[in-house]
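A.B. asks:
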Amino acid sequence: VVLIEDEEAIADLVRMYFEQEGYRLIHAPTGERGLDAVRDRDPRAVLLDLGLPGMDGIEVCRRIRGFSDVPVIMLTARDAEVDKIVGLEIGADDYVTKPFSPRELVARVRAVLRRSEEAPRTAAVVEVDGWEIDSGRREVRPSEGDPIRPTAREFDLLWYLAENRGLVLSRGQILEAVWGYDYFGETRTVDVHIRQLRKKLDGIPIETVWGVGYRIAD
Ligand code: CA
Numbered sequence: 066v067v068l069i070e071d072e073e074a075i076a077d078l079v080r081m082y083f084e085q086e087g088y089r090l091i092h093a094p095t096g097e098r099g100l101d102a103v104r105d106r107d108p109r110a111v112l113l114d115l116g117l118p119g120m121d122g123i124e125v126c127r128r129i130r131g132f133s134d135v136p137v138i139m140l141t142a143r144d145a146e147v148d149k150i151v152g153l154e155i156g157a158d159d160y161v162t163k164p165f166s167p168r169e170l171v172a173r174v175r176a177v178l179r180r181s182e183e184a185p186r187t188a189a190v191v192e193v194d195g196w197e198i199d200s201g202r203r204e205v206r207p208s209e210g211d212p213i214r215p216t217a218r219e220f221d222l223l224w225y226l227a228e229n230r231g232l233v234l235s236r237g238q239i240l241e242a243v244w245g246y247d248y249f250g251e252t253r254t255v256d257v258h259i260r261q262l263r264k265k266l267d268g269i270p271i272e273t274v275w276g277v278g279y280r281i282a283d
């Protein structure tokens, strides 16, 4: 796990918890060094502080997404910042607000890793309104034009909706199935990923069911 965090006290605390749980933690105090660590060490997860000296966490996340699908969990100082960064759609997988419990942070990382290490599903293709969603290639083929490859998380979300087409899925259900942890109140994470999917797959028939959640019609 790579931790990109400028505050030594937080880094020490996080390191202690992760090492106790058997993870190896590589700490980088700046965004630039963090990017190097992600490139060189190919970690299984990245914990990324938003407020860093020099290059901020938003820019670091964008750059990581330029070359890697590694799960990124953003650490933010205020709840209000979550809205702001969610709005920027930078491709983070999850958000944790400071002060966080290191135990919860370990739980989130474990959930993210469990998810990415699950045995691959039997490859299958689901067809929705002329779109082919291919779980083997993890790509989506529109009726016209080139295949589109969403990020790993976006694809998992789309696949979950497609596998359960016809059913209305609540944000809590989606969080648990796709992110793999019980609902902590971060339903915005689901909304922003839906928004990204709609943007990348223009016209994909994901319906918003107000007050409930989302569905792909049967
Ligand atoms: Ca900071």
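To convert, count from 1 in the sequence shown and add 65; that's the working numbering. Every residue, glycine too, gets a C-beta built ideally from N, C-alpha and C.
Using only CA atoms, which one of L117, F132 and R206 lies nearest to M139?
C.D. replies: Locating residue 139 in the sequence shown gives position 74, counting from the first residue. Among L117, F132 and R206, the Cα nearest to that of M139 belongs to L117.
A.B. asks: Please return the same chain residues whose Cβ sits closer than 6 Å to the Cβ of F132, not counting the five positions on each side in sequence.
C.D. replies: The residue labelled residue 132 in the question sits at position 67 within the sequence shown. The answer is none, since no qualifying residue turns up.
A.B. asks: Of all the options I69, G231 and A242, which has the alpha carbon lying nearest to the alpha carbon of I271?
C.D. replies: Mapped onto the sequence shown, residue 271 falls at position 206. Among I69, G231 and A242, the Cα nearest to that of I271 belongs to G231.
A.B. asks: Please list, in chain order, all residues with a C-beta atom less than 6 Å from at least one heavy atom of ligand 1.
C.D. replies: Selection output, chain order preserved: D71, E72, D114, G116 and L117.
A.B. asks: Rounding to the nearest angstrom, what Cα-Cα distance links D283 and V193 in this structure?
C.D. replies: Numbered from 1 along the sequence shown, position 218 holds the residue referred to as residue 283. Numbered from 1 along the sequence shown, position 128 holds the residue referred to as residue 193. C-alpha separation (whole angstroms): 8 Å.
A.B. asks: How big is the Cα-Cα spacing for T162 and P108?
C.D. replies: Mapped onto the sequence shown, residue 162 falls at position 97. Mapped onto the sequence shown, residue 108 falls at position 43. Approximately 22 Å between the Cα atoms of the pair.
A.B. asks: Residues in the same chain with beta-carbon distance under 7 Å from E84, minus the five sequence neighbours each way, listed in chain order, please.
C.D. replies: Looking up residue 84 in the sequence shown gives position 19. Hits under 7 Å: L90.
A.B. asks: Bridge partners of Y160, per DSSP?
C.D. replies: One-based indexing of the sequence shown puts residue 160 at position 95. The partner list for Y160 (beta bridge, DSSP) reads M139.
A.B. asks: Below 8 Å on the Cβ atoms is my contact criterion, and I expect I269 with R263 to pass it. Report the Cβ-Cβ distance as a whole number of Å.
C.D. replies: For the purposes of this step, residue 269 is taken as residue 204 along the sequence shown, with counting starting at 1. For the purposes of this step, residue 263 is taken as residue 198 along the sequence shown, with counting starting at 1. Indeed, because the Cβ distance is near 6 Å, the residues count as touching under 8 Å.
A.B. asks: According to the Cβ coordinates, are V171 and Y82 closer than 8 Å?
C.D. replies: Here residue 171 refers to the residue found at position 106 of the sequence shown. Here residue 82 refers to the residue found at position 17 of the sequence shown. Yes, they are a contact pair.
A.B. asks: Once you ignore the five residues that flank V125 on each side, which residues in its own chain have a CB closer than 8 Å to its CB?
C.D. replies: Translated into positions along the sequence shown, residue 125 becomes position 60. Counting only Cβ-Cβ distances below 8 Å, and skipping sequence neighbours, we find I69, G96, G99, L100, L113 and L117.
A.B. asks: Rounded to the nearest angstrom, how far is the Cβ of V257 from that of L240, given a contact under 8 Å?
C.D. replies: By 1-based counting over the sequence shown, the position of residue 257 is 192. By 1-based counting over the sequence shown, the position of residue 240 is 175. About 12 Å separates the two Cβ atoms, so there is no contact after all.
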